[in-house]
Amino acid sequence: MADEILRLVNISKSYDGTVALKDINLYIRRNEFVTLLGPSGCGKTTTLRIIGGFEEPDSGDLLFEGKNINKLPAYKRKVNTVFQKYALFPHMNVFDNIAFGLRVKKMNKDLIKEKVERMLKMVNLEGFAERSVNSLSGGQQQRVAIARALVNEPDVLLLDEPLGALDLKLRKEMQLELKNMQKTLGITFIYVTHDQEEALTMSDTIVVMNNGVIQQIGTPEDIYNEPKNAFVADFIGESNIIDGVMNQDYLVTFMGKQFRCVDKGFDVNEEVDVVIRPEDIKVVSPTEGMLGGVVKSVTFKGVHYEMLIEGQGYTWTVHSTMMADVNTRVSLDIQPNDIHIMKKGRVQ
Amino acid sequence: MKKPWLAYPYAVWMVIFIIVPLILVLFYSVTVQTEEGLQFTLSHFQRFLDPIYIEVLIRSVVLALICTGICLVIGYPFAAILASKEFSSKKVMLMLIVVPMWMNSLLRTYAWMTLLERNGILNSFLSLLSLPRLNILYTESAVVLGMVYNFLPFMVLPIYSVLSKIDHSVIEAAEDLGGNAFTVFRCIIFPLSLPGVISGITMVFMPAVTTFVISRLLGGGQFMLIGNLIEKQYLSSGDWGFGSALSVILMLLILCSMGIMNRYEQERGGGALW
Chain A
13 MADEILRLVN ISKSYDGTVA LKDINLYIRR NEFVTLLGPS GCGKTTTLRI IGGFEEPDSG
73 DLLFEGKNIN KLPAYKRKVN TVFQKYALFP HMNVFDNIAF GLRVKKMNKD LIKEKVERML
133 KMVNLEGFAE RSVNSLSGGQ QQRVAIARAL VNEPDVLLLD EPLGALDLKL RKEMQLELKN
193 MQKTLGITFI YVTHDQEEAL TMSDTIVVMN NGVIQQIGTP EDIYNEPKNA FVADFIGESN
253 IIDGVMNQDY LVTFMGKQFR CVDKGFDVNE EVDVVIRPED IKVVSPTEGM LGGVVKSVTF
313 KGVHYEMLIE GQGYTWTVHS TMMADVNTRV SLDIQPNDIH IMKKGRVQ
Chain B
2 MKKPWLAYPY AVWMVIFIIV PLILVLFYSV TVQTEEGLQF TLSHFQRFLD PIYIEVLIRS
62 VVLALICTGI CLVIGYPFAA ILASKEFSSK KVMLMLIVVP MWMNSLLRTY AWMTLLERNG
122 ILNSFLSLLS LPRLNILYTE SAVVLGMVYN FLPFMVLPIY SVLSKIDHSV IEAAEDLGGN
182 AFTVFRCIIF PLSLPGVISG ITMVFMPAVT TFVISRLLGG GQFMLIGNLI EKQYLSSGDW
242 GFGSALSVIL MLLILCSMGI MNRYEQERGG GALW
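Chains A and B supply the protein sequences, listed in that same order. Residues in the first sequence are numbered consecutively from 13, following my numbering. Residues in the second sequence are numbered consecutively from 2, following my numbering.
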C-alpha cells in the first residue's frame with residue numbers, strides 16, 4: 013500500500029521462555045490513529061517497545077517505509093515516544109526538556125527557541141518554560157512529555173498509556189486534545205491503552221490483543237458491533253456470553269430454547285459462544301418474553317440502570333433506562349440481530 | 002508522631018561525645034600553659050605557618066586529591082557496571098566490595114606491605130617473568146595505592162546507589178529523542194548521578210586527607226602527612242596545643258571543601274547520602 017508507513021511481519025518475542033508476542037502481523041498507515049488495546053500482559057507495550065527500538069524481536073521483521081529496521085537503534089529512528097510515567101528529565105527545566113531532541117540534532121539556537129515556544133503554546137504551557145518539571149502537576153508533566161516528543165516532528169508518535177495517571181475529567185480533555193493534535197499535525201499515532209472507552213473515542217483503527225496474539229483489527233464500530241470472538245466482545249464493553257449450539261444456519265439453541273439469529277456458516281450442531289450486549293436485552297413482563305428470570309440487583313449508572321437478572325443458572329447483565337424492582341419476576345426479550353454467534357475459544 | 006523526648010538521649014550523647022570534645026580541641030588550640038596558668042595564645046597557629054608544616058599540609062591534600070581522583074576514575078565505571086540491568090551477579094559483587102571493610106584496615110595495610118616488599122610477592126612474580134623489580138614500598142605511590150585500596154568502596158557505593166535509582170525510562174527517553182550512548186551519558190546519566198559522585202568524593206577525600214596509618218606503614222615514616230603530624234604531637238611530642246591547632250586547621254579545610262561541594266550540589270537540585 014502506498015500510504016503504509018510501518019509493517020510488522022511475523023514478530024515474535026519471549027522473555028525467559030514466556031511468550032510475550034506470537035506472530036504479530038500488522039500494518040499501519042500514514043496519519044492513522046492506531047490503538048493497541050488489551051488487558052495488562054497482552055503484549056501491547058512490548059509491541060510498542062519493539063517499534064520504538066527498546067526491544068529487539070526474537071524473529072520477524074519490522075519494516076519502516078518498506079525497509080527493515082530491526083537492528084536500527086532507538087536514537088536513529090524517526091519515531092518518538094511518550095512514556096507511561098512521562099520520564100521527564102528531572103534535572104532540567106521545561107524548556108530544556110523540550111529542547112533536548114533538537115539540541116542533540118545540533119539545531120540553530122534561535123530555531124530551537126522558536127520551535128519550543130510554538131510547542132509550549134500548542135500544549136497550553138506558555139510561560140512555563142523556566143519552571144522545574146518537578147513543580148508541575150501530572151497533567152502539565154504529561155503535556156511537557158507530549159511536547160518533548162512532538163517538537164522533533166516524528167513520522168510516528170508512540171504513546172504508552174499516557175493518560176493512565178490522570179483523573180477522569182482531565183483524561184477526557186486530553187483525549188480530545190490528542191486527537192486534535194494528531195489531525196492537525198498529520199502524524200501517525202500508535203497508542204497503547206487498556207481502556208476500551210479511550211480506544212473507541214480516539215482511534216481510526218483498534219488492534220485488540222490478548223496473550224501476545226492479535227484478536228481483531230478494525231475500526232471502532234467494527235470492533236464494537238462485530239466482535240470476532242468472545243474475548244473481544246467481552247473486552248470491548250460488557251457482554252453476556254452463553255454457551256450455545258448452532259442447529260442450522262440462522263437458528264441457535266441456548267438456555268434450552270431455540271432462537272432465530274442472523275449468523276450462518278457453522279457446522280450443524282457446532283458448539284458456539286452466544287454474545288448478547290447488555291443494552292440489547294429488553295426487560296418485559298413475565299408473560300411476554302422468551303427467557304424468564306428474577307431481578308437480583310439494580311444499580312443506577314447515570315444514563316441507565318444496570319440490572320443483574322438470574323435465570324436458569326445464568327446471571328444476565330442488562331442495561332436499561334427502565335427499572336424493574338428487585339426480586340420481581342421478569343422476562344427477557346432478545347431480537348435476532350442482537351444475537352451474535354462466535355466460534356468457541358474465548359482465550360486463544 | 003511528635004515525641005521530642007525520644008530525641009533527648011541522642012542530644013545528651015551528642016553533647017558529651019561531639020560538642021564537648023570539639024570545644025576541648027578548640028580550647029587547647031588557643032591556650033598555652035604558663036607559670037601564671039592558662040593563657041590565650043595564637044602561637045600554635047603561628048607555628049603552623051612554618052614552611053615545613055605548610056608543606057606537610059599541601060602534601061596531604063595533594064595525595065588525598067590524587068587518591069580521590071583515582072577512586073573516581075576506577076569507581077565510577079565499576080558502579081555503572083554494577084548498576085546496569087544486564088549485570089546478574091550484582092549481589093555477589095556488592096558483597097565482595099563490602100567484605101574487606103569488615104576486616105581491620107591495619108591488617109589490610111600490612112598485607113600490602115608484604116605484597117610490595119623488596120622480596121615480596123609482587124617482585125617475586127615480576128622476576129619470574131624476568132621483568133625489572135619495582136621498589137614502590139615506602140614511596141608516595143605505595144601510599145596512594147594503599148589509600149585507593151582502602152577507600153575505593155566509599156566511592157563505589159554512593160555512586161552505585163544513585164545510579165541504580167535512576168529511572169530507566171528517563172534513559173530510554175533520551176535515546177528516543179536521538180541521543181547516542183555518549184550524549185545520554187553526558188546529558189542525563191552523569192548529571193543525575195552527581196549527588197552520588199559528590200558524596201563519594203567527600204567520603205574518600207576526608208579519610209584520605211586525615212589518614213596516618215597508611216602513610217606510616219606504606220610510606221615507611223618518610224612521608225609525614227598531616228595525620229602523622231597530629232599523631233606525633235599527641236603521642237610523642239606531647240604538644241597538645243599544636244596538635245589541636247593542626248586538627249582545627251584540618252577541620253576547617255574539610256568544612257570548606259564540603260561547603261563548596263554542597264553548594265554545587267544544591268545548584269543542581271540533587272540530594273543523596275550526604
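Note that CB positions come from ideal geometry on N, CA and C, so glycine has one too.
For residue i, name the three-state secondary structure that DSSP assigns.
i: A:E209; result: helix
i: B:K86; result: coil
i: A:I288; result: strand
i: B:S258; result: helix
i: A:Q101; result: With the sequence shown as reference, residue 101 of chain A is identified as Phe, and Gln is not the correct amino acid for it. In the structure shown, A:F101 sits in coil (DSSP, three-state: anything other than H, G, I, E or B).
i: A:K118; result: coil
i: A:N192; result: helix
i: B:T110; result: helix
i: B:T140; result: coil
i: A:I63; result: helix
i: A:L84; result: coil
i: A:E77; result: coil
i: A:M302; result: coil
i: B:S200; result: helix
i: A:L170; result: strand
i: B:A273; result: At B:A273 the pLDDT is 39, less than 50, meaning the model places this residue with poor confidence and gives no usable figure here.
i: A:V225; result: strand
i: B:V100; result: helix
i: A:E238; result: coil
i: A:N92; result: strand
i: A:I199; result: coil
i: B:Y29; result: helix
i: B:Q223; result: coil
i: B:V163; result: helix
Among all the DSSP beta bridges, which residues are the ones paired with residue i?
i: A:I346; result: A:I293
i: A:E318; result: A:T311, A:H331
i: A:T30; result: A:Y27
i: A:Y326; result: A:G323
i: A:D255; result: A:D285
i: A:I40; result: A:L18
i: A:L266; result: Correcting the residue type first, residue 266 of chain A is Phe in the shown sequence and not Leu. According to DSSP, which records beta bridges pairwise, A:F266 is partnered with A:K269.
Please identify the residue among the options whose C-alpha is closest to the C-alpha of residue i.
i: A:M186; options: A:V116, A:T30, A:A157, A:G249; result: A:A157
i: B:P326; options: B:S162, B:S248, B:G239; result: Chain B is shown only over 2 to 275; residue 326 of chain B falls outside these bounds and no answer can be derived.
i: B:A143; options: B:F28, B:P159, B:A182, B:S216; result: B:S216
i: A:Y262; options: A:G256, A:Q270, A:V274, A:N105; result: A:V274
i: B:S170; options: A:F66, A:D35, A:K269, A:M335; result: A:F66
i: A:A245; options: A:F271, A:R160, A:D350, A:M134; result: A:D350
i: B:I255; options: B:L66, B:I17, B:D51; result: B:L66
i: A:A159; options: A:D108, A:I202, A:Y203; result: A:D108
i: A:E238; options: A:H352, A:G301, A:V116; result: A:H352
i: B:L164; options: B:I20, B:A112, B:G38, B:L83; result: B:L83
i: B:I172; options: A:F101, A:N192, A:I110, A:K117; result: A:F101
Run through chain D and tell me which residues come within less than 9 Å of residue i, C-beta to C-beta.
i: A:Y27; result: In summary, chain D is missing from the structure at hand, where the protein chains are A and B.
Just the chain B side, please: which residues come within less than 8 Å of residue i by C-beta, in chain order?
i: A:G325; result: Per Cβ cutoff of 8 Å: no residues; A:G325 is ~48 Å from chain B at best.
i: A:F76; result: The premise fails here: A:F76 is roughly 15 Å from chain B at the closest Cβ pair, so nothing lies under 8 Å.
i: A:T93; result: E173, A174, D177
i: A:N164; result: L178, G179
Run through chain A and tell me which residues come within less than 7 Å of residue i, C-beta to C-beta.
i: B:T184; result: V116
i: B:I189; result: F101
Got a sec? Which residues, its chain only, sit under 7 Å from residue i by beta carbon, not counting five neighbours each side?
i: A:I254; result: F266, M267, V286, Y326
i: A:K127; result: L114, V163
i: B:T42; result: V31, T32, V33
Output needed for residue i: all residues of its chain with C-beta closer than 6 Å, excluding positions within five of it in sequence on either side, in chain order.
i: A:W328; result: N252, I321
i: B:W275; result: In this predicted model, B:W275 has a pLDDT of only 36, less than 50, meaning its place in the structure is not dependable enough to derive any value.
i: A:V31; result: G224
i: A:N240; result: One detail in the question is off: residue 240 of chain A reads as Lys in this sequence, not Asn. Taken in chain order, the residues that qualify are Q228.
i: A:V46; result: I40, I202, T217
Between which residues of its own chain and residue i is the CB-CB distance below 8 Å, once the five residues before and five after are set aside?
i: A:T333; result: V315, H316, Y317
i: A:V280; result: M258, N259, Q260
Going along chain A in order, which residues have a C-beta closer than 9 Å to the C-beta of residue i?
i: B:S193; result: Note on identity: in this sequence residue 193 of chain B is Leu, with Ser being the wrong assignment. Chain A residues near B:L193: F101, P102, H103.
i: B:D168; result: K97, A99, P102
i: B:N181; result: P85, Y87, K88, V116
Taking residue i as the query, report the chain B residues whose CB atoms sit under 9 Å from its CB, ordered along the chain.
i: A:R160; result: A174, L178
i: A:N252; result: By Cβ distance, chain B contributes nothing, its closest Cβ being about 40 Å from A:N252, past 9 Å.
Give the residues of chain A in contact with residue i, contact being defined as C-beta atoms less than 8 Å apart.
i: B:V171; result: A99, L100, F101, P102
Name, please, each residue of chain B whose Cβ falls closer than 7 Å to the Cβ of residue i.
i: A:G64; result: D177
i: A:G113; result: L178, G179
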